[in-house]
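> Using this note's numbering, read the sequence shown as starting at 126 and increasing by one per residue.
We treat Cβ as the ideally placed atom computed from N, Cα and C, and that holds for glycine.
Submitted below is the structure of interest, expressed as structure tokens.
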Amino acid sequence: MKGVGRLKIGIDVGYGYVKAINDEGQKTSFPAMIAPTGNGLGLGDVFKDTVEYQVTIDQSKYMVGDAAKQSFLATQTMSREKPPEIHDPLLMTAAYLLSGEDGRLEIGVGLPLAYYSAQKDALRNRLMRLKTDVVIKERHKHISFNRVEVFPQGAGVLLCCQSMLPLSGYVGLIDIGTYTTEYILFQMKSGQPIPILEASGSVEAGVHLVYSAVAREFQSKTGSPLPVEMEAEVTEKALRGEQITFDGKKHTLNAAQAREDVALAICQKVLAAWGNRTGHIETTLLAGGGALFFRQNLKGFPGQYIVQDPFFANARGYLRFLT
């Protein structure tokens, strides 16, 4: 790891997953969930080396990521503004996992376009004040930030795709996440991208709408609600064509139709924003985990291309902005 204060990390605290990458090429990702640690049976101590992650932050103990998914008290946020008590433990866990021994870092983070102007200064100021002691698997680090930059989500993806951008014309970017979809239309002039602000923005639509539709169908067929922390697991199983067992009975859920319906809604919202410029687009870049999830259902965009490693595209973009 690099010396004091020089390590840079791009951290994408998404609604579904946290993704991060540092300037040494190391990456980490985990579900964006936290839960209080339980002490009833002591099983956490028995399995502490196999369940990721049990985290202590300034004496407060959490289960984070896959460990939190196993808890009935698991919490994730779908609100416009991620509460600090959820956002910051997730960010600090990612920073810990990719930091050196010292833990003083430069980080780039992002916000959806729709929330960027209103939230960026408050987020940056809060993160600059954070100075925390983090413990994972009995290893201590003091984490603080020498530099915090907040970027509009999606914008950094272009930096990772410069070699395939035209010298002139239009380029579209669609970044589909768990909760939001970012769309940006660029006009290329002498190889430089210029965003068209009135054709760029966010819609509150993403993979979670498919999860919600599957959960509603599950409740309709079983009479029992599907726990939020199980929605992704059940949806993926249904998409593979597998039946879902509940109370000894097997049920078939039409997740494929739900995915097609949500993809149509996303496409129509973006196409409406881009209007008649859509036909002039040279390339449409698709990023985010949702690009892979919906790739068979996204239609109407010229020159569609899924960027390399789309799941980490924003984190990589934030890191590129830092350097």
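Between ARG249, MET289 and ARG264, which lies nearest to PRO277 when the distance is taken from Cα to Cα?
One-based indexing of the sequence shown puts residue 277 at position 152. Here the closest residue by C-alpha is ARG249.
> Anyone know if the C-beta pair for ALA357 and THR377 falls short of 9 Å?
Locating residue 357 in the sequence shown gives position 232, counting from the first residue. Locating residue 377 in the sequence shown gives position 252, counting from the first residue. Not in contact: ALA357 and THR377 (Cβ atoms no closer than 9 Å).
> Closer than 6 Å by C-beta to PHE446: which residues in its own chain qualify, once you throw out the five before and the five after it? Chain order, please.
If you number the sequence shown from 1, residue 446 lands on position 321. Same-chain partners within the cutoff: GLY233, PHE276 and GLY281.
> Measuring straight from C-alpha to C-alpha, what distance separates THR218 and LEU230?
The residue you call residue 218 lines up with position 93 of the sequence shown. The residue you call residue 230 lines up with position 105 of the sequence shown. Using only the alpha carbons, I get a separation of about 13 Å.
> Leaving out five residues before and five after GLY190 in sequence, what residues of the same chain have Cβ atoms less than 7 Å from its Cβ?
Locating residue 190 in the sequence shown gives position 65, where the first residue counts as 1. Apart from the 5 residues on each side of it in sequence, GLY190 sits with its Cβ closer than 7 Å to the Cβ of PHE155, PRO156, MET158, GLU177 and TYR178 in its chain, given in chain order.
> Any heavy atom of the ligand NAD closer than 8 Å to the Cβ of LYS266?
The ligand NAD is not part of the structure shown, which contains no ligands of any sort.
> Since ALA192 and GLU354 are thought to touch, with beta carbons under 8 Å apart, how far apart are those beta carbons, to the nearest angstrom?
Taking the first residue of the sequence shown as 1, we reach residue 192 at position 67. Taking the first residue of the sequence shown as 1, we reach residue 354 at position 229. Not confirmed; about 12 Å, so no contact.
> How would you label HIS405, buried or exposed, when you count the other beta carbons within 10 angstroms and need 16 or more for buried?
Your numbering for residue 405 matches position 280 in the sequence shown. In this structure HIS405 is exposed. Its beta-carbon is surrounded by fewer than 16 other beta-carbon atoms within 10 angstroms.
> In the structure shown, what three-state DSSP assignment does SER315 receive?
Counting from 1 along the sequence shown, the entry for residue 315 is found at position 190. Coil, per DSSP.
> Using CA atoms only, rank isn't needed, just tell me which of ALA383, SER293 and THR162 is closest to PHE418.
In the sequence shown, residue 418 corresponds to position 293, counting from 1. The shortest C-alpha separation from PHE418 is found at ALA383.
> If you reduce the DSSP assignment to three classes, tell me which class VAL332 lands in.
Taking the sequence shown and counting its residues from 1, one reaches residue 332 at position 207. DSSP places VAL332 in helix when its eight states are reduced to three.
> Would you mind stating whether LYS374 and THR408 have Cβ atoms separated by less than 9 Å?
Counting from 1 along the sequence shown, the entry for residue 374 is found at position 249. Counting from 1 along the sequence shown, the entry for residue 408 is found at position 283. Going by C-beta atoms, LYS374 is not nearer than 9 Å to THR408.
> Could you check the C-alpha separation between LYS144 and PRO350 for me, to the nearest Å?
Taking the first residue of the sequence shown as 1, we reach residue 144 at position 19. Taking the first residue of the sequence shown as 1, we reach residue 350 at position 225. Near 29 Å, if we compare the C-alpha coordinates of PRO350 and LYS144.
> Determine the extent of the alpha helix (DSSP H) in which ASN439 is found, giving its start and end residues.
Stepping through the sequence shown from its first residue, residue 439 is reached at position 314. 438-447 is the extent of the alpha helix (DSSP H) around ASN439.
> I'd like to know whether the C-beta atoms of THR403 and GLY425 end up nearer to each other than 9 Å.
The count along the sequence shown starts at 1 and reaches residue 403 at position 278. The count along the sequence shown starts at 1 and reaches residue 425 at position 300. It is a contact, given that the beta carbons lie within the stated cut-off.
> Could you check if LEU322 is buried or exposed, using at least 16 other CB atoms within 10 Å of its CB as the buried criterion?
Taking the first residue of the sequence shown as 1, we reach residue 322 at position 197. That one is exposed.
> With a threshold of 8 Å, are at least 3 pairs of Cβ atoms found where one atom belongs to the segment 338-346 and the other to the segment 313-328?
no
> Assuming CYS422 is part of the alpha helix (DSSP H), what are its boundary residues?
Residue 422 sits at position 297 when you count from the first residue of the sequence shown. Going by the sequence as given, residue 422 is Asn instead of Cys. Taken as a continuous stretch (DSSP letters only), ASN422 belongs to no alpha helix (DSSP H), as it is neither H nor E.
> Assuming LYS237 and GLU307 form a contact by the criterion Cβ under 8 Å, report the distance between their Cβ atoms to the nearest whole angstrom.
Residue mapping note: residue 237 aligns to position 112 of the sequence shown, counting from 1. Residue mapping note: residue 307 aligns to position 182 of the sequence shown, counting from 1. Checking the sequence shown, residue 237 turns out to be Pro, not Lys. Going by Cβ atoms, the distance from PRO237 to GLU307 rounds to 6 Å, so yes, they are a contact pair.
> Within 10 angstroms of the Cβ of LEU166, are there 16 or more other Cβ atoms? Answer buried if so, exposed if not.
Mapped onto the sequence shown, residue 166 falls at position 41. With a pLDDT of 39 at LEU166, under the threshold of 50, the predicted position of this residue should be treated as unreliable, though the coordinate-derived value follows. By the neighbour-count rule (16 or more Cβ atoms within 10 Å), LEU166 is not buried but exposed.
> Restricting to Cα atoms, I'd like to know which of GLU361, TYR140, TYR187 and LEU216 is closest to ILE146.
Indexing the sequence shown from 1 puts residue 146 at position 21. Nearest C-alpha to ILE146: LEU216.
> Going along the chain, which unbroken runs of the beta strand (DSSP E) with 3 or more residues stay wholly within the segment 362-425?
For the segment 362-425, whole beta strand (DSSP E) runs of length 3 or above, ordered along the chain, are 369-371, 374-376 and 406-412.
> Three Cβ pairs or more, each shorter than 8 Å: is that satisfied between the segment 285-293 and the segment 248-263?
Three or more beta-carbon pairs separated by less than 8 Å are not found between the segment 285-293 and the segment 248-263, which leaves the two stretches without contact.
> At the level of alpha carbons, what is the spacing between GLY400 and HIS212?
Within the sequence shown, the letter at position 275 stands for residue 400. Within the sequence shown, the letter at position 87 stands for residue 212. One C-alpha to the other measures close to 35 Å.
> Ends of the alpha helix (DSSP H) at GLN244?
By 1-based counting over the sequence shown, the position of residue 244 is 119. Unbroken alpha helix (DSSP H) run through GLN244: 238-254.
> Can you tell me which of the three DSSP states ILE321 falls into?
Against the sequence shown, residue 321 aligns to sequence position 196. ILE321 falls in the coil class under three-state DSSP.
> Report buried or exposed for LYS256, applying the criterion of at least 16 other Cβ atoms within 10 angstroms of its Cβ.
Within the sequence shown, residue 256 is the residue found at index 131, counting from 1. LYS256 is exposed by the Cβ-count criterion.
> Rounded to whole angstroms, what is the Cα-Cα separation between LYS266 and THR181?
The sequence position of residue 266 within the sequence shown is 141, counting from 1. The sequence position of residue 181 within the sequence shown is 56, counting from 1. Their Cα atoms are separated by approximately 10 Å.
> What did DSSP end up calling TYR304 once you bin it into helix, strand or coil?
Working through the sequence shown from its first residue, we reach residue 304 at position 179. Three-state DSSP puts TYR304 in coil, outside helix and strand.
> Given this structure, state the Cα-to-Cα distance separating GLY442 from PHE371, to the nearest angstrom.
Locating residue 442 in the sequence shown gives position 317, where the first residue counts as 1. Locating residue 371 in the sequence shown gives position 246, where the first residue counts as 1. The straight-line gap from Cα to Cα measures roughly 42 Å.
> Going by the beta-carbon positions, is the gap between LEU444 and GLY297 smaller than 9 Å?
Here residue 444 is taken as the residue at index 319 of the sequence shown, counted from 1. Here residue 297 is taken as the residue at index 172 of the sequence shown, counted from 1. No, the Cβ-Cβ distance between LEU444 and GLY297 is not below 9 Å.
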